[in-house]
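> For reference, each letter of the sequence shown is one residue, going 1 to 465 in the UniProt record's numbering. We treat Cβ as the ideally placed atom computed from N, Cα and C, and that holds for glycine.
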Amino acid sequence: MIPRAILTAAEMKAAEDATMASGVSVDQLMERAGRAAADIAWRMAGKAHVLVLCGPGNNGGDGYVVARLLAERGCEVQVAALADPATDAARNARAQWPGPVDAIGDARPAPMVVDALFGTGLARPLGADLSAALCDLVRKARHSLAVDLPSGIETDSGALLSPVPFFDATIALGSLKPAHLLQPAAGFMGMTLVGEIGIAAESALLEIGRPTLVPPLPSAHKYSRGYVLVAGGAMAGAASLAADAAIRAGAGYVALAGPEHGEGPLALVQRLAVDPRTLADLLADERVDVAVAGPGLGLNDKAEARLESVLAAGKRLVLDADALTLIAKRGAETLAGLDAPPILTPHEGEFARLFGDISGNKVERAREAARRSGSVIIYKGNDSVVASPDGRAAIAPPAPSWLATAGTGDVLTGIAAARYAATGDPFEAACEAVWLHGAAARMAGPFLIADDLIEALPRALAACL
Ligand SMILES: NC(=O)C1=CN([C@@H]2O[C@H](COP(=O)(O)OP(=O)(O)OC[C@H]3O[C@@H](n4cnc5c(N)ncnc54)[C@H](O)[C@@H]3O)[C@@H](O)[C@H]2O)[C@@H](O)CC1
Ligand SMILES: Nc1ncnc2c1ncn2[C@@H]1O[C@H](COP(=O)(O)OP(=O)(O)O)[C@@H](O)[C@H]1O
Ligand SMILES: [K+]
Numbered sequence: 001m002i003p004r005a006i007l008t009a010a011e012m013k014a015a016e017d018a019t020m021a022s023g024v025s026v027d028q029l030m031e032r033a034g035r036a037a038a039d040i041a042w043r044m045a046g047k048a049h050v051l052v053l054c055g056p057g058n059n060g061g062d063g064y065v066v067a068r069l070l071a072e073r074g075c076e077v078q079v080a081a082l083a084d085p086a087t088d089a090a091r092n093a094r095a096q097w098p099g100p101v102d103a104i105g106d107a108r109p110a111p112m113v114v115d116a117l118f119g120t121g122l123a124r125p126l127g128a129d130l131s132a133a134l135c136d137l138v139r140k141a142r143h144s145l146a147v148d149l150p151s152g153i154e155t156d157s158g159a160l161l162s163p164v165p166f167f168d169a170t171i172a173l174g175s176l177k178p179a180h181l182l183q184p185a186a187g188f189m190g191m192t193l194v195g196e197i198g199i200a201a202e203s204a205l206l207e208i209g210r211p212t213l214v215p216p217l218p219s220a221h222k223y224s225r226g227y228v229l230v231a232g233g234a235m236a237g238a239a240s241l242a243a244d245a246a247i248r249a250g251a252g253y254v255a256l257a258g259p260e261h262g263e264g265p266l267a268l269v270q271r272l273a274v275d276p277r278t279l280a281d282l283l284a285d286e287r288v289d290v291a292v293a294g295p296g297l298g299l300n301d302k303a304e305a306r307l308e309s310v311l312a313a314g315k316r317l318v319l320d321a322d323a324l325t326l327i328a329k330r331g332a333e334t335l336a337g338l339d340a341p342p343i344l345t346p347h348e349g350e351f352a353r354l355f356g357d358i359s360g361n362k363v364e365r366a367r368e369a370a371r372r373s374g375s376v377i378i379y380k381g382n383d384s385v386v387a388s389p390d391g392r393a394a395i396a397p398p399a400p401s402w403l404a405t406a407g408t409g410d411v412l413t414g415i416a417a418a419r420y421a422a423t424g425d426p427f428e429a430a431c432e433a434v435w436l437h438g439a440a441a442r443m444a445g446p447f448l449i450a451d452d453l454i455e456a457l458p459r460a461l462a463a464c465l
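#1: Kindly indicate the opening and closing residues of the alpha helix (DSSP H) around Ser309.
#2: DSSP state of Cys464, grouped into three classes?
#3: For Val194, is the beta carbon positioned less than 7 Å from some heavy atom of ligand 3?
#4: Taking the C-alpha atoms as reference points, what is the distance between Trp435 and Ala80?
#5: Leu206 and Pro3 look like a contact to me (Cβ under 8 Å); what is the Cβ gap, rounded to whole Å?
#6: Considering only heavy atoms of ligand 5, does any lie closer than 7 Å to the CB of Ala404?
#7: Beta carbon of Pro211: closer than 7 Å to some heavy atom of ligand 3?
#8: Mind listing, in chain order, the residues whose beta carbon lies closer than 7 Å to a non-hydrogen atom of ligand 3?
#9: Under DSSP, the alpha helix (DSSP H) around Ala368 begins and ends at which residues?
#10: Ignore the nearest five residues each way along the sequence and tell me which others in Ala86's own chain have a CB closer than 8 Å to its CB.
#11: So, with DSSP's three-state summary, where would you put Gln78?
#12: Could you check where the beta strand (DSSP E) with Gln183 kicks off and where it finishes?
#13: When you measure from the CB of Pro216 to every non-hydrogen atom of ligand 2, does any distance come out below 7 Å?
#14: Rounded to whole angstroms, what is the Cα-Cα separation between Leu344 and Gly23?
#15: May I ask you to check if the CB of Lys380 is nearer than 7 Å to at least one heavy atom of ligand 2?
#16: Please return the same chain residues whose Cβ sits closer than 8 Å to the Cβ of Ala312, not counting the five positions on each side in sequence.
#17: Just confirm the distance between the C-beta atoms of Leu29 and Ile171, as a whole number of angstroms; I'd bet it's less than 8 Å.
#18: At a threshold of 7 Å, does Glu286 count as lining ligand 1 (C-beta to nearest heavy atom)?
#19: For the candidate residues Leu307, Ala201, Ser388 and Lys380, whose alpha-carbon lies nearest to that of Ala9?
#20: What are the boundary residues of the beta strand (DSSP E) that includes Ile104?
#21: Taking Glu286 as the reference, give the member of Ala236, Ser224 and Phe167 with the closest Cα.
#22: Report the option in Arg372, Pro342 and Pro341 whose CA atom is closest to the CA atom of Gly356.
#23: Can you tell me where the beta strand (DSSP E) holding Ala9 begins and where it ends?
#24: DSSP beta-bridge partners for His143?
#25: Please work out which residues of its chain come closer than 6 Å, Cβ to Cβ, to Ala90, disregarding the five sequence neighbours upstream and downstream, and give them in chain order.
#26: Just to confirm my understanding: we take Asp452, look at its own chain, exclude 5 residues before and 5 after, and list those with CB closer than 7 Å. What are they?
#27: Going by DSSP, name the residue or residues bridged to Gly258.
#28: May I have the straight-line CA-CA distance separating Arg139 from Glu432, to the nearest angstrom?
#29: What does the alpha-carbon distance come out to for the pair Gly424 and Leu193?
#30: Could you tell me which residues DSSP pairs with Val376 in its beta bridges?
#31: Please state whether DSSP places Leu70 in a helix, a strand or coil.
#32: Is the separation between the beta-carbon of Gly391 and that of Ala450 shorter than 8 Å?
#33: Return yes when at least one heavy atom of ligand 2 lies under 7 Å from the C-beta of residue 537, else no.
#34: Note the first and the last residue of the continuous beta strand (DSSP E) segment covering Glu207.
#35: To the nearest angstrom, how far is it from the Cα of Val385 to the Cα of Glu72?
#36: In the DSSP assignment, find the unbroken alpha helix (DSSP H) run with Tyr420 in it and report its ends.
Okay, here's the thing in structure tokens:
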């Protein structure tokens, strides 16, 4: 699946400028944007009464186009504007709207509301009266559509600058923006559709889409499909979850090496490794493609020694949980010299321990963390962000919040290890793992526990063949 690009407000402006330099006028772009939004509104509500709220900028301009096109289709349309248009394109669009323009205070509730107040140009919170009116009108409507973004959202960070109502749908114009996927904004979008307006949307930031997987080749054998070694420790259950997930995610051979036998399917190879020396010997096997440390590792001296063996093994690594807490003590930059970039899977707390001083939005923080640690970062959460030291980054579509339960992170780690072993590409592997994890969660359904995710994994993987 070809992933969709995500453009920041500045990148969108640059893409728009490049399109205009090739001979397309801003009025043409606005017409396309308005037409795309009007088509969606029509499909949502048909010939309903429509209220279009227009702001002063080009987002408002799109709104006047929507109003004209829906009126042409026979809808009864009220346009309510916050202020006179402040751009030439918006002025032209308003001039082509044949009906009256009311003050925003005179907006009447309607079955269909189109929010064209502000898009990527929003610079500060909406006034309290305006955001209250927007929330009230959207709440009273049967259908609601946000043009480009719900008004009140910061495009690049996904922050809510002022209260925003829940929309049924949002049409992202030209391209997704970070706020369409980052929380808290992503939770207010409803269904997000991308409206094609003829702009070349290219970016180093992508949406994580369904991976394309291939069945094993006829010549495949267990080691060619990937050998994952999971270093266990104090808590056998967590390491078992990671190992079980790795084998279910398609690794051909998974060994769980810990001070005691763990759980898991019979296909899992259990190796007793009471002291770090034995673990080092197991890791020295050249068939091992990826080593995992962290889930259930512990935080004591023994755990330190085991982590040391894993870091010294010269293997591709996936590091999570306790391993991240231990690494935070010595500094994430100490990972930058490893033979291959490891995958780190911090949740918010682990990220703060490792990279607490990094500021910016979630994508910026993940990118800086990746650069500093020479690692691929899966910065987990409802809006997981994957970042690579080479600057590539990707945001996952919102994941089911049923994932907020113990052990689901261990499962993600196992999936990432299997995919890293299969592909050798830590960024691709991390993106694939996040997608598969989310898909397995959707399949497992409400009240899932981590074990259910593992059970659902084969179905999630099969959806990618
Ligand atoms: N980028 C593109 O390629 C295209 C963009 N279009 C539309 O243009 C939008 C961006 O247009 P603009 O850059 O004009 O930005 P907006 O229309 O989002 O808003 C900018 C205007 O609002 C004012 N403003 C900002 N925050 C305010 C606040 N809190 N209260 C009151 N006024 C405030 C600004 O001073 C400016 O006049 C996009 O979201 C999209 O809807 C489309 O028309 C066509 C193509
Ligand atoms: N509210 C949420 N919505 C969506 N996904 C979530 C949510 N909370 C947690 N997750 C996901 O669940 C997993 C939890 O991982 P983690 O916090 O490491 O838990 P554990 O250590 O118990 O395995 C991560 O993949 C994270 O992205
Ligand atoms: K809007």
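Taking the structure as given:
#1: Position 309 of the sequence shown holds residue 309. Element bounds for Ser309: Asp301 to Leu311.
#2: Here the question's residue 464 lines up with position 464 in the sequence shown. In the three-state reduction of the DSSP assignment, Cys464 falls in the coil class, being assigned neither a helical nor a strand state.
#3: Here residue 194 refers to the residue found at position 194 when the sequence shown is read from its first residue. Result no, Cβ not under 7 Å from ligand 3.
#4: Residue mapping note: residue 435 aligns to position 435 of the sequence shown, counting from 1. Residue mapping note: residue 80 aligns to position 80 of the sequence shown, counting from 1. Counting only the Cα atoms, Ala80 lies some 41 Å from Trp435.
#5: Residue numbering aside, residue 206 sits at position 206 when the sequence shown is read from its first letter. Residue numbering aside, residue 3 sits at position 3 when the sequence shown is read from its first letter. The beta-carbon separation of Leu206 and Pro3, rounded to 4 Å, stays under the 8 Å limit for a contact.
#6: As presented, the structure is devoid of ligand 5, carrying ligand 1, ligand 2 and ligand 3 as its sole ligands.
#7: Residue 211 sits at position 211 when you count from the first residue of the sequence shown. No, the Cβ of Pro211 stays beyond 7 Å of every heavy atom of ligand 3.
#8: Counting every residue whose Cβ lies closer than 7 Å to a heavy atom of ligand 3, we get Asn59, Asp115, Ala116, Leu117, Phe118, Gly119, Ala146, Val147, Asp148, Leu149, Pro150 and Ser151.
#9: Reading the sequence shown from its first residue, position 368 is the one you call residue 368. Residue 368 is actually Glu in this sequence, not Ala. Per DSSP, the continuous alpha helix (DSSP H) segment holding Glu368 begins and ends at Lys362 to Ser373.
#10: Translated into the one-based positions of the sequence shown, residue 86 becomes position 86. Shown here for Ala86: same chain residues with a beta carbon closer than 8 Å to its own, the five before and five after excluded, namely Pro56 and Gly57 in chain order.
#11: Position 78 of the sequence shown holds residue 78. Strand, per DSSP.
#12: To locate residue 183, count along the sequence shown from 1; it is residue 183. Note, Gln183: premise wrong, no beta strand (DSSP E); not H, not E.
#13: Stepping through the sequence shown from its first residue, residue 216 is reached at position 216. A distance criterion of 7 Å places the beta-carbon of Pro216 beyond contact range of ligand 2, judged by its closest non-hydrogen atom.
#14: Numbered from its first residue, the sequence shown carries residue 344 at position 344. Numbered from its first residue, the sequence shown carries residue 23 at position 23. The straight-line gap separating the alpha-carbon atoms of Leu344 and Gly23 is approximately 46 Å.
#15: The residue labelled residue 380 in the question sits at position 380 within the sequence shown. True, at least one ligand heavy atom lies under 7 Å from that Cβ.
#16: Taking the sequence shown and counting its residues from 1, one reaches residue 312 at position 312. If we look at Ala312 and ignore the five residues flanking it on each side, its Cβ neighbours are Ala280.
#17: Translated into positions along the sequence shown, residue 29 becomes position 29. Translated into positions along the sequence shown, residue 171 becomes position 171. Wrong, their Cβ atoms sit about 14 Å apart, outside the cutoff.
#18: Looking up residue 286 in the sequence shown gives position 286. No, the beta carbon of Glu286 sits no closer than 7 Å to any heavy atom of ligand 1.
#19: Within the sequence shown, numbered from 1, the residue matching residue 9 stands at position 9. In this structure, Ala201 is the residue among Leu307, Ala201, Ser388 and Lys380 with its C-alpha nearest to the C-alpha of Ala9.
#20: Position 104 of the sequence shown, counted from the first residue, corresponds to residue 104. Segment: none, Ile104 is in no beta strand (DSSP E) and carries neither H nor E.
#21: What you label residue 286 is simply residue 286 of the sequence shown in a count that begins at 1. The option with the nearest alpha carbon to Glu286 is Ser224.
#22: Mapped onto the sequence shown, residue 356 falls at position 356. Among Arg372, Pro342 and Pro341, the Cα nearest to that of Gly356 is on Arg372.
#23: The sequence position of residue 9 within the sequence shown is 9, counting from 1. Per DSSP, Ala9 belongs to no beta strand (DSSP E); it is in the alpha helix (DSSP H), Ala9 to Ala21.
#24: Here residue 143 is taken as the residue at index 143 of the sequence shown, counted from 1. Note: His143 is bridge-paired with Met112 in the DSSP secondary-structure output.
#25: Indexing the sequence shown from 1 puts residue 90 at position 90. Cβ within range, chain order: Asn58, Gly60 and Gly61.
#26: Against the sequence shown, residue 452 aligns to sequence position 452. The beta carbon of Asp452 is closer than 7 Å to those of Ala444 in its chain, skipping five residues each way along the sequence.
#27: Here residue 258 corresponds to residue number 258 of the sequence shown, with the count starting at 1. Gly258 pairs with Leu272.
#28: Taking the sequence shown and counting its residues from 1, one reaches residue 139 at position 139. Taking the sequence shown and counting its residues from 1, one reaches residue 432 at position 432. CA-to-CA, the gap between Arg139 and Glu432 works out to about 37 Å.
#29: Within the sequence shown, residue 424 is the residue found at index 424, counting from 1. Within the sequence shown, residue 193 is the residue found at index 193, counting from 1. Distance between the alpha carbons of Gly424 and Leu193: 33 Å.
#30: As a working note, residue 376 is residue 376 in the sequence shown. Bridge partners of Val376: Ile343.
#31: Start at 1 with the first residue of the sequence shown, and residue 70 comes out as number 70. In this structure, Leu70 counts as helix in the three-state DSSP scheme.
#32: In the sequence shown, residue 391 corresponds to position 391, counting from 1. In the sequence shown, residue 450 corresponds to position 450, counting from 1. No, the Cβ-Cβ distance between Gly391 and Ala450 is not below 8 Å.
#33: As shown, the chain starts at 1 and ends at 465. That puts residue 537 outside it, with no answer to give.
#34: Counted from its first residue, the sequence shown places residue 207 at position 207. Per DSSP, the continuous beta strand (DSSP E) segment holding Glu207 begins and ends at Leu205 to Glu207.
#35: Against the sequence shown, residue 385 aligns to sequence position 385. Against the sequence shown, residue 72 aligns to sequence position 72. So the alpha carbons of these two residues sit roughly 43 Å apart.
#36: Here the question's residue 420 lines up with position 420 in the sequence shown. Its alpha helix (DSSP H) spans residues Thr408 to Thr423.
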